[in-house]
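Here is the structure we will look at.
Residue numbers (our numbering): 1482 to 1781.
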């Protein structure tokens, strides 16, 4: 797995909008914060060319992203937000330039699609906070601090609280995953991940409980869950139920689908669609240790 070079103060971070539209004021504020931290900022040319629900047309979004992939001056690519849109152009990306001069991809949610594409090329990526998180940086900026420590060469070493639904154990494997709905959208495509020996991270937002059940059953029936070496469950935010209750909680839905396997499972990892979104490095060999009194997720 290729780890892009660490960033130094004065290096350039590109900001691009590969999916949903976003207020230009949020982009400006994020850029200002990054500049205050000692980095140069390069903005995509179509950040504010709103096209219906998208930040711009498919062509413009792809061109912007490709330009930053190919720009040797750029050391990291920060996505503005998720929403929807990356899957509409991912198959047109050319990785020749970025493989010659690797750089970090940063984002989550719809950016799961781009993480998957980068991982298929052997490039490690950072699942982490995007532009909105910089607005709260001075108040609740732990995730931003950790993100930039990763960019500067540090490795993840998390100790998180336990959860009653956890399954104890120790495992090692390459960390993969992202937004569960997007992982499902990639099932059966060239960007689907190989689950063998992997530690899978999942999160989601604004889904019905029965949708979650259906997605987990897909992973189980397809043999994905059986082949994992571990499971890290992030935040499932603003989940919905029907007027007639589904009858199972988020934890119950997930656990029943992995109960027949022996690998460790850690619930409630603080990453996903939440105010403080702790970054993870996808593609990195990681150790997951789930004990009764603590949970550790540590890069090897």
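Glycine residues also receive a C-beta, built at the ideal position from the N, C-alpha and C atoms.
These numbers come from a predicted model, not from an experiment.
Item, Value
"Specify the secondary structure class of residue 1736 as computed by DSSP and reduced to three states.", "helix"
"So, at 7 angstroms on beta carbons, what are the nonlocal neighbours of residue 1541 in its own chain, with the 5 sequence-adjacent residues on each side left out?", "1527, 1530"
"Classify residue 1682 as helix, strand or coil using the three-state DSSP reduction.", "strand"
"Would you mind working out which of 1763, 1750, 1557 sits nearest residue 1640, comparing C-alpha positions?", "1750"
"Do residue 1700 and residue 1693 count as a contact pair if the criterion is CB distance below 7 angstroms?", "no"
"Residue 1544 to residue 1771, Cα distance in whole Å?", "43 angstroms"
"Compare the C-alpha of residue 1484 against each of 1508, 1738, 1532, 1584 and name the closest.", "1584"
"Across which residues does DSSP place residue 1764 in a beta bridge pair?", "Paired residues: none, contrary to the question."
"If contacts are defined as beta-carbon pairs under 8 angstroms, then residue 1759 and residue 1627 qualify, I think. What distance do you get, rounded to the angstrom?", "6 angstroms"
"Taking Cβ to Cβ, would you say residue 1587 is nearer than 7 angstroms to residue 1607?", "yes"
"Would residue 1602 be called buried (16 or more neighbouring beta carbons within 10 Å of its own) or exposed?", "exposed"
"What would DSSP say about residue 1648, mapped onto helix, strand or coil?", "strand"
"Could you tell me whether the stretch 1491-1498 touches the stretch 1516-1526, using the rule of 3 or more Cβ pairs below 8 angstroms?", "yes"
"Near residue 1661, what residues of its chain come up, given a Cβ to Cβ distance below 6 angstroms and the 5 sequence neighbours on each side ignored?", "1683, 1685, 1696"
"Among residues of its own chain, excluding the 5 on either side of residue 1574, which ones have a beta-carbon nearer than 8 angstroms to its beta-carbon?", "1543, 1546, 1547, 1550, 1598"
"Relative to the C-alpha of residue 1436, which candidate in 1633, 1704, 1745 has its C-alpha closest?", "As shown, the chain starts at 1482 and ends at 1781. That puts residue 1436 outside it, with no answer to give."
"Taking the beta strand (DSSP E) that residue 1493 falls in, what are its first and last residues?", "1493-1497"
"Quick check: the stretch 1706-1722 against the stretch 1665-1684, are at least 3 beta-carbon pairs closer than 8 angstroms?", "yes"
"With a CB to CB cut of under 6 angstroms and the five nearest residues on each side skipped, what residues in its chain are close to residue 1722?", "1690"
"Would you tell me roughly how many angstroms separate the C-alpha atoms of residue 1752 and residue 1609, rounded to the nearest one?", "8 angstroms"
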